[in-house]
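Sequence order for the protein chains is A and B. Each residue of the first sequence is one higher than the one before, counting from 637 in my numbering. Each residue of the second sequence is one higher than the one before, counting from 32 in my numbering.
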Amino acid sequence: MRAAIIVFPGSNCDHDAYIAFKKILDQPTDFVWHKETNLDSYDLIVLPGGFSYGDYLRCGAIARFSPVMKEVIEKSKLGVKVIGICNGFQILTESGLLPGALTMNKYRQFICKDVNLKVENRQTVFTHLCNEKEVLTIPIAHSEGNYYCSAEELSQLEANNQIVFRYSTPDGNINTEANPNGSIVNIAGIINNTGNVLGMMPHPERNAEHLLGNSDGKKILSSIVDSFRRN
Amino acid sequence: MKVKVKVVLKDGILDPQGKAVLHAINDLKFKGVGDVRIGKYIELTFDSLDQSLVENETKEICQKLLANPVIENFDYEIEELT
């Protein structure tokens with residue numbers, strides 16, 4: 637498996653993602669500047685966190701038109717795996733690869749803390765190494781993570797089992813207290829209906845080894861790597 | 032030609048900035064304001080004087096970039112420079 641970490645002007649979690657795939661998971665990994673237009677040699681595309689284009693206009697709105705995104709959209713249609721983390725998730729919704737939008741946190745704060753995340757769907761290439769209904773602890777760091785979509789889109793997400801992660805209590809209850817940012821039905825991460833594009837606000841690359849508190853993030857990143865071994 | 036574009040959150044989309052400003056207005060003891068919504072104001076200056084080109088491009092720019100149709104509505108006014 638070869639991973640491309642896309643670097644936009646203002647990306648700042650690109651190095652964390654690079655180290656997670658390259659050093660911790662020992663996979664061939666490259667930084668790919670956003671001006672690149674050919675991603676033929678990659679099996680996984682990572683849109684990392686950060687503040688692409690300074691979050692001007694709307695988070696992800698300008699990055700979505702970077703030259704590389706045309707190719708990302710193209711590859712995603714061919715089934716190449718794409719994971720967007722935080723700002724990467726915002727870019728995925730802006731580009732229409734995932735439904736909905738990420739709006740300002742309900743209480744206006746930038747929130748940087750560990751949250752509990754219930755794995756709602758482990759039948760995905762991104763989560764199959766997690767246990768059924770496992771609760772992971774993974775950090776978030778965002779101002780605009782309040783997931784919104786129309787009632788119609790929400791019922792489609794639910795019907796197709798596309799809600800992959802929800803903010804929960806440590807014992808897996810989904811309630812308002814466990815919701816850090818006001819996201820609709822506590823959504824923290826969703827997948828597209830073909831199962832190859834995942835967007836999530838929490839940062840699995842930030843706790844992919846024990847040294848950084850816990851290694852729950854590694855379960856997600858390892859699931860991706862392992863899915864290539866199985867094929 | 033100058034085009035004045037307004038981008039506003041759709042009804043029902045939470046506007047935390049608007050809420051904060053409403054609280055500030057209430058703290059200032061103004062009694063009349065019931066709600067505040069904050070949007071964006073964008074000016075586009077076109078070199079072209081071709082009204083239909085300006086209108087078509089404005090519409091497309093708004094749909095593609097300036098507004099996110101999931102959460103926002105837009106409106107614009109074309110102003111001829113004299």
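We put the beta carbon where it would ideally sit given N, CA and C, even for glycine. None of these values were measured; they are calculated from a predicted model.
Hey, could you find the ends of the alpha helix (DSSP H) residue i is sitting in?
i        : result
Asp58/B  : 47-58
Asn87/B  : 82-92
Leu765/A : Leu765/A -> no alpha helix (DSSP H), and no H or E assigned at all.
Ala656/A : No alpha helix (DSSP H) holds Ala656/A; DSSP gives it neither H nor E.
Leu790/A : 787-795
Just to confirm the assignment, what range does the beta strand (DSSP E) spanning residue i have?
i        : result
Met705/A : Careful: Met705/A lies outside any beta strand (DSSP E), inside the alpha helix (DSSP H) at 703-713.
Lys717/A : 717-721
Thr665/A : 665-669
Leu97/B  : Element bounds for Leu97/B: n/a, residue is neither H nor E.
Leu772/A : 771-778
Leu753/A : 747-755
Tell me, which residues are paired with residue i by DSSP?
i        : result
Ser647/A : Gly686/A
Lys35/B  : Glu74/B, Glu108/B
Asn741/A : DSSP output for Asn741/A lists no bridge partner at all.
Gly825/A : Phe801/A, Met836/A
Asn782/A : Thr739/A
Ala639/A : Thr665/A, Leu680/A
Lys103/B : It is worth fixing the name first, because residue 103/B is Glu in this sequence and not Lys. In the DSSP output, where bridge partners are listed per residue, Glu103/B has Leu40/B.
Straight-line CA distance for residue i to residue j?
i        : j        : result
Phe657/A : Glu789/A : 32 Å
Ile655/A : Leu857/A : 12 Å
Glu781/A : Ser851/A : What sits at residue 781/A in the sequence shown is Gly, not Glu. Each residue's alpha carbon lies about 23 Å from the other.
Glu672/A : Phe61/B  : 54 Å
Val36/B  : Ala814/A : 38 Å
Lys50/B  : Met740/A : 12 Å
Tyr107/B : His54/B  : 29 Å
Ser688/A : Gly720/A : 13 Å
Gly690/A : Met837/A : 18 Å
Arg758/A : Ser804/A : 16 Å
Asp862/A : Asn828/A : 20 Å
Ile823/A : Asn767/A : 19 Å
His764/A : Leu96/B  : 36 Å
Thr89/B  : Gly853/A : 43 Å
Asp81/B  : Val39/B  : 27 Å
Kindly indicate which residue of the options has the alpha-carbon position closest to the one of residue i.
i        : options                                : result
Tyr692/A : Thr812/A, Met705/A, Val833/A, Ile727/A : Ile727/A
Gly696/A : Lys711/A, Ser731/A, Lys706/A           : Ser731/A
Ala577/A : Asp662/A, Ile698/A, Glu794/A           : Residue 577/A is absent from the structure shown; chain A starts at 637 and stops at 867.
Thr773/A : Ile820/A, Leu738/A, Glu845/A, Arg865/A : Glu845/A
Lys33/B  : Phe77/B, Leu96/B, Ala98/B              : Phe77/B
Asp42/B  : Asp58/B, Ile69/B, Val52/B, Glu110/B    : Ile69/B
Lys713/A : Lys659/A, Phe801/A, Thr830/A           : Thr830/A
Cys722/A : Cys766/A, Val643/A, Cys649/A, Ser859/A : Cys649/A
His651/A : Met637/A, Ser702/A, Leu683/A, Tyr678/A : Leu683/A
Leu45/B  : Asp666/A, Asp676/A, Ala737/A           : Ala737/A
Ile709/A : Asn832/A, Arg865/A, Gly825/A, Asp807/A : Asn832/A
Tyr678/A : Lys754/A, Ile642/A, Asn752/A           : Ile642/A
Lys855/A : Leu753/A, Gly715/A, Asp666/A, Ser647/A : Leu753/A
Tyr784/A : Glu103/B, Val52/B, Tyr72/B, Glu91/B    : Glu103/B
Glu86/B  : Glu111/B, Tyr72/B, Pro100/B            : Glu111/B
Pro816/A : Ala699/A, Asp750/A, Leu734/A           : Asp750/A
His839/A : Leu847/A, Ser819/A, Pro775/A, Ser786/A : Pro775/A
Please tell me whether residue i has its Cβ less than 8 Å away from any Cβ of chain D.
i        : result
Glu780/A : In the structure shown, chain D cannot be found, because the protein chains are A and B.
*asked:* Against chain A, which members of the region 42-71 of chain B pass a CB distance test of less than 9 Å?
replied: Of all residues in the region 42-71 of chain B, the ones placed with a Cβ closer than 9 Å to any Cβ belonging to chain A are Ile44, Leu45, Asp46, Pro47, Gln48, Lys50, Ala51, Lys71, in chain order.
*When you check each C-beta in the region 692-707 of chain A against every C-beta of chain B, which residues fall closer than 9 Å?*
Answer in chain order: Leu693, Arg694, Ala697, Ile698, Arg700, Phe701.
*Near-chain B residues of the region 719-751 of chain A - C-beta to any C-beta below 9 Å*: Taking 9 Å as the Cβ-Cβ cut-off, the region 719-751 of chain A approaches chain B at Thr729, Glu730, Pro735, Gly736, Ala737, Thr739, Met740, Asn741, Lys742, Tyr743, Arg744, given in chain order.
*Compile a chain-ordered list of the residues in the region 98-110 of chain B whose CB is closer than 8 Å to at least one CB of chain A.*
Within the region 98-110 of chain B, the qualifying residues are Asn99, Val101, Ile102.
*Residues from the region 759-787 of chain A in contact with chain B, defined by Cβ distance under 8 Å*: Within the region 759-787 of chain A, the residues whose Cβ lies closer than 8 Å to some Cβ of chain B are Asn782, Tyr784, Cys785, Ser786, listed in chain order.
*Could you list the residues in the region 797-819 of chain A with a C-beta less than 7 Å from some C-beta on chain B, going in chain order?*
Under the 7 Å Cβ criterion, the region 797-819 of chain A contributes Gly818.
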